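I have placed the structure first, in the form of structure tokens, so that the comments after it can refer back to it.
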Amino acid sequence: MRTKDLMLGSAAVMVPVLLASYAISAALGVLVGIRMSSFTKQITELTQQAVAPGVLWRTPVTGSFVAALLMFGAAWLSGLRHFVKIAPIDAVTGRDESVPRAGGARSPLLAGMAFVVLGWGIVLIAPEEIRMAALLPLLGGAALVSIVLPVAIGGLLRSGEPRAVRMLAGRQLQVAWRRNATLSVAFAVAIMMALCMAGVAGSIKETVGASVERWTPAQLYVQAARVGHNLQNEMFPASFEEELRSVDGVDATCSYSYSNVGIGDRRVQMWSWGATRPCETLTDLRVSRGSRDFLTRLGRDEIAISSNFARTRHMSVGSTVRMPLPTGHRTVTVKAVVDDSASDGGMIIAGSRLYHEVTASSGSYAFYVALRPGADAAKVKRSIENLFGTHHPRAVVLTQHQLRTIFASIVARLVSAFEAVAWVMFVLAVLVGATTLASGLRERQHALALTRLTRATAKLVGRQIVLESLLVAFAAWAVAMPVGLLSIRPMLDAQALQSGVLPPVTVPMWLTALSLPLVALCILLALLIANPKRANTPLRALLAQE
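If you read the sequence shown in the UniProt record's numbering, its first letter stands for residue 1, the second for the next number, and so on.
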């Protein structure tokens, strides 16, 4: 057979596999995107960010197809290279198979550990702008160490005077390291990415939740419409604040408004609280740089910015921003940087005078309400609702707990993609593990049949296979668990390039504690799918098939 025919024949096998697997995965990916975009309109109304409607599927679908072509192309060329090296007569007689020998594990183990140490060093000492570069050496080092660690474990099992199961399992871990590599890398990558993504989701939720708590310390919140359902022109007139103050049980009020403005090539949220003294007590904003009492002192040419806005725009106290006005632009100066991460990409805080000048509006979207000591919150809430009448039919009064719960729900849905990836990685590990184990068991049928001739029982062979698989998975977990936790920081840095949100690391305690039992469950499930009974075919039956 000519090499050209071999290339065409193998390609004819690979192309249908490529198209079928890509069609299934692309369809599932687009479906997940559609489900995630169901709340895009709600996020747009809530934040007034410029969010493109629908699902932007063309770029990821095209990119994933190119990636699939590259992966299948690499596998195809690797297989061709292996086939071409085999002499035809050796391929027919089976003499092309070399005797498996244990490979040297010291050099690749040291190389993998060096990559991990390099990534660790980048995380510890590199500036945040380049910390995300640590992901590559961490991932590569974890994969390399997870390949050679089972070989070292196999050597330990065979040391001393091992019993039959230990000796056979240890030898298999040493000599079949190439076959075990797929299984160990699959589980290592799955565990690492699962812990990393879960940590990213938890860190973002923690820091956004803390930001929401800092600007929601009041007891009641009067809104022109429920969060996520308000229209841009739904506002209370300025006179409504006096009516609120007259309600029995109300101690103080503070107006709050928000809109969006075009800064450069992006639309940015602009928040504004009233310039009255109660607004300082009804908010608990944390100032990281600049004037701490800025809220009631912002002039017409001064603003405050959130920390993530400062990070993405490389700004600080004293920086200037060209603020768009109905009559042109005005250069305003940053007076303070507020530690806040509740808005994607950051936000601007303007004084009431500048805000009304920019928006050409005098209304307020909401009012913060503080109650007098001993006042009944439910009674005050009903009294405020009686003020709405027919002028504000969609207005609502929310308690502190209700408002925080709404924002927590929205944030949870925004980071649900990270959490979904964490669990999908375990499912992927099961599927890859089952395929790898099934292929390996079929290749080992003759060797295991010879083992049975030495009076080894089917139970002993089964215990050997289970022990081998569990040790490979355990080795992958031992490497990937610490590396996955270490990867949370650079992954947060990567997403901060767009959002500016750079929270402290939150370790996913539950998933970390459950990761080893989950790995054991996944490998046992993969074994169940692979069906180890196929490895117990009698040698007589195998010879009859040839």
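For every residue, glycine included, the Cβ atom is placed at its ideal position computed from N, Cα and C.
Keep in mind that this is a model prediction, so the values were computed, not measured.
Residue 358 in three-state terms, based on DSSP = helix
Who are the Cβ neighbours of residue 279 in its own chain at under 7 Å, not counting the five residues just before and after it?
-> 254, 273, 295, 296
Answer with buried or exposed for residue 59, where buried requires no fewer than 16 other C-beta atoms within 10 angstroms of its C-beta.
-> exposed
Quick one: Cα of residue 350 to Cα of residue 411, how far?
-> 25 Å
Helix, strand or coil for residue 495, going by three-state DSSP, please let me know.
-> helix
Outcome for residue 131 when other beta-carbon atoms lying within 10 angstroms are tallied against a minimum of 16 | buried
Classify residue 317 as helix, strand or coil using the three-state DSSP reduction.
-> coil
With a threshold of 16 other CB atoms inside 10 Å of the CB of residue 381, please say whether the residue is buried or exposed.
-> That one is buried.
Taking all protein chains shown into account, decide if residue 401 is buried (16 or more other Cβ within 10 angstroms of its Cβ) or exposed.
-> exposed
Pull up the DSSP beta-bridge partners for residue 390, would you.
-> Paired residue(s): none; residue 390 is not in a bridge.
Spell out the partners DSSP gives residue 253 in its beta bridges.
-> 369
Rounded to whole angstroms, what's the CA-CA distance from residue 201 to residue 390? Just pull it up for me.
-> Distance between the alpha carbons of residue 201 and residue 390 is about 42 Å.
For residue 316, which residues from the same chain have a beta carbon less than 8 Å from its beta carbon, with the 5 sequence-adjacent residues on both sides left out?
-> 289, 310, 334, 337
According to the Cβ coordinates, are residue 515 and residue 491 closer than 8 Å?
-> no
Ignore the nearest five residues each way along the sequence and tell me which others in residue 133's own chain have a CB closer than 7 Å to its CB.
-> 122
Taking residue 210 and residue 419 to be in contact with their CB atoms under 8 Å, please state how far apart those CB atoms are, rounded to whole angstroms.
-> That pair is no contact at about 19 Å.
Residue 331 by DSSP, collapsed to three states: which one?
-> Assignment of residue 331 by DSSP, reduced to helix, strand and coil, places it in the strand class.
How far does the alpha helix (DSSP H) with residue 399 in it reach, from first residue to last?
-> Premise fails: residue 399 lies in the beta strand (DSSP E), 396-399, not in any alpha helix (DSSP H).
Could you give the C-beta distance for residue 363 and residue 237, rounded to a whole number, given that I count them as a contact under 8 Å?
-> 6 Å
Residue burial classification, residue 403 (beta-carbon count within 10 angstroms, cutoff 16) = buried
What is the DSSP secondary structure of residue 477, reduced to helix, strand or coil?
-> Taken through DSSP and simplified to helix, strand or coil, residue 477 comes out as helix.
Secondary structure, beta strand (DSSP E): runs of 3+ residues fully inside the region 192-227 = 220-223
How many Å lie between residue 442 and residue 175 at the Cα?
-> 17 Å
Report the residue ranges of all alpha helix (DSSP H) runs contained in full by the region 397-433; include only those spanning at least 4 residues, in chain order.
-> With a minimum length of 4 residues, the continuous alpha helix (DSSP H) runs that stay inside the region 397-433 are 400-414.
Cβ pair residue 116, residue 145 closer than 8 Å | yes
Opposing strand residues paired with residue 519 [DSSP bridges] = DSSP lists no partner for residue 519.
Buried versus exposed call for residue 348 [16 or more other C-beta atoms within 10 Å across all chains shown] | buried
Quick one: is residue 125 buried, meaning 16 or more other Cβ sit within 10 Å of its Cβ, or exposed?
-> exposed
For the 8 Å Cβ check, are there 3 or more pairs between the region 317-331 and the region 361-375?
-> no
Go ahead and pull the three-state DSSP assignment for residue 95.
-> Because residue 95 carries a pLDDT of 45, less than 50, the predicted location of this residue cannot be relied on, and the following value inherits that uncertainty. Of the three classes helix, strand and coil, the one that applies to residue 95 here is coil, per DSSP.
Return helix, strand or coil for residue 322, following the three-state DSSP convention.
-> strand
Do the region 512-532 and the region 161-179 make contact, defined as three or more Cβ pairs closer than 8 Å?
-> no
Take the Cβ of residue 90 as the centre, count every other Cβ of all protein chains shown within 10 Å, and call the residue buried at 16 or more, exposed below.
-> Since pLDDT at residue 90 reaches only 46, below the 50 mark, its modelled position is unreliable, and the value read off the structure follows with that caveat. The residue is exposed, with fewer than 16 neighbouring Cβ atoms inside 10 Å.
With a Cβ-Cβ cutoff of 8 Å, do residue 68 and residue 219 count as a contact?
-> It is not a contact, given that the beta carbons lie outside the stated cut-off.
Helix, strand or coil for residue 461, going by three-state DSSP, please let me know.
-> helix
Near residue 196, which residues of its chain fall below 7 Å by C-beta distance, leaving aside the five closest residues on each side in sequence?
-> 484, 487, 488, 491
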